[in-house]
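What follows is one structure encoded as structure tokens, with my remarks underneath.
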Amino acid sequence: MGNIIDGLAISKKIMHELKEEVDLLKEEKNIAPSLAVILVGNDPSSKIYVRNKAKACETLGIIAQEYYLPEDACECELLSLIKQLNEDDTVDGILLQSPIPSHLNIAKAFSKIKPEKDVDGFNPINIGMLSMGYPVYIPCTPLGVMKMFYEYNIDVEGKNCVIVGRSNIVGKPMAQLLINKSATVTICHTKTKDLKEKLLNADIIISATGKSKLITVDMIKEGTVIIDIGITRKEDGTISGDVDFENVRDKASYITPVPGGVGPMTVTMLMNNVILACKNRRNESEKN
Ligand code: NDP
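Residue numbers for the sequence shown follow the numbering used here, beginning at -12 and rising by one.
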């Protein structure tokens, strides 16, 4: 019991494969994929995420451009930057780091990113394609979780999967990916009655709430697979997940740690999507 899913190791392996793809693009076509990252405001966690994404780009030889807008930026500034990047032929992927200040409409901003440059998979077109079972750009965190299942031979078909959290960027696309793979999915949130009863019925639990130690050992059955997406930043600067890892790990069949679990996979899947966007755009332009 208690096999730890090593997100860092899987991520390193995939990064190595992606580096080979980038090198090949350079050698054969003399092109380097490029990512534009937009950060609005001063959220300290977002700054760390943007830095990590830029570092991963550097490791692979992907060109990363960062665009900073102030906390009080107006909607027109944000939308005009997105328009400029949509039209910029040197940009393959555009990422708007969330959260953004609350006076801005994030759904509207996502909808303005060209679907073919939407490497986060949050544009309504890409969400719709995923819902119909024809995904193009899949949101990075749920995609990373599916890669973990693949790497550890965890078959989700017919399994009772309980997702805790229903956000547009994690919970909902996670549910869609699992449904597409024939899992039976339950989504829980703050209005769910008796979370424990739902979790005790789960073969696989995926938690994305940001509530530290929400899931305790009495809430899971023996042999459950547990994927902990949640991140809570503690005062000492360390992070913890949604699951009481130390007490739960021996009862689970597989479990992801925080840190070192889903986090590195998210960044790696972003790199995967940027390279895909670069290749797709080049293929389209060669056809025309
Ligand atoms: P949101 O705040 O948008 O969503 C949180 C969800 O959790 C909501 O649906 C909320 O329910 C639900 N929730 C909160 N408390 C409870 C509770 N006590 N019981 C049941 N459900 C609860 O967050 P995100 O989806 O953006 O992110 C979730 C977590 O995942 C965060 O900690 C974030 O930092 C982390 N994250 C980690 C990533 C990684 O790479 N590891 C990537 C992205 C996110 P309701 O809808 O009813 O409010």
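Ideal Cβ placement from N, Cα and C applies to all residues, glycine included.
- Give the straight-line distance between the Cα atoms of Lys146 and Ser272, rounded to the nearest whole angstrom. About 42 Å.
- According to DSSP, residues forming a beta bridge with Cys148: Val172 and Ile191
- Task: Could you have a look at Asp10 and say whether DSSP puts it in helix, strand or coil?
- Result: helix
- In terms of residue numbering, what span does the beta strand (DSSP E) encompassing Pro115 cover? Checking the sequence, you will find Gly at residue 115 rather than Pro. Unbroken run through Gly115 is the alpha helix (DSSP H), Pro111 to Ser118; no beta strand (DSSP E).
- Task: Could you tell me whether any non-hydrogen atom of ligand 1 is closer than 7 Å to the CB of Lys178?
- Result: yes
- Cα-Cα, which of Glu138, Tyr121, Asp237 and Cys63 is closest to Gly210? Looking at the Cα atoms, Asp237 is the closest of the given residues.
- Query: Quick check: the segment 177 to 190 against the segment 108 to 126, are there 3 or more CB pairs under 8 Å?
  - Reply: no
- Item | Simplified DSSP state of Gly224, which is helix, strand or coil | coil
- Message: Spatial neighbours of Gly108 within its chain, please: C-beta separation below 6 Å, excluding the five flanking residues on both sides.
- Response: Tyr124, Ile125 and Pro126
- DSSP three-state call for Asn267: helix, strand or coil? helix
- Message: Can you check which of these residues, Tyr241, Ala239 and Gly247, is closest to Ile226 by C-alpha distance?
- Response: Gly247
- Could you tell me whether any non-hydrogen atom of ligand 1 is closer than 7 Å to the CB of Val37? Because no heavy atom of ligand 1 lies under 7 Å away, the Cβ of Val37 does not count as near it: no.
- Task: Might you give, ordered along the chain, the residues of its own chain that have their beta carbon closer than 7 Å to the beta carbon of Arg268, omitting 5 neighbours on each side?
- Result: Within the same chain, Cβ atoms closer than 7 Å to the Cβ of Arg268 are found at Asp79 and Glu103, the five residues on either side in sequence being excluded.
- Query: How should Cys265 be labelled, buried or exposed, when 16 other C-beta atoms within 10 angstroms of its C-beta is the threshold for buried?
  - Reply: buried
- By Cβ distance, which residues of its chain are closer than 6 Å to Ile218, with the 5 residues on each side in sequence left out? Ile226
- DSSP-derived helix/strand/coil call for Tyr280: Outside the modelled stretch of the chain, which goes from -12 to 275, sits residue 280, for which no answer is possible.
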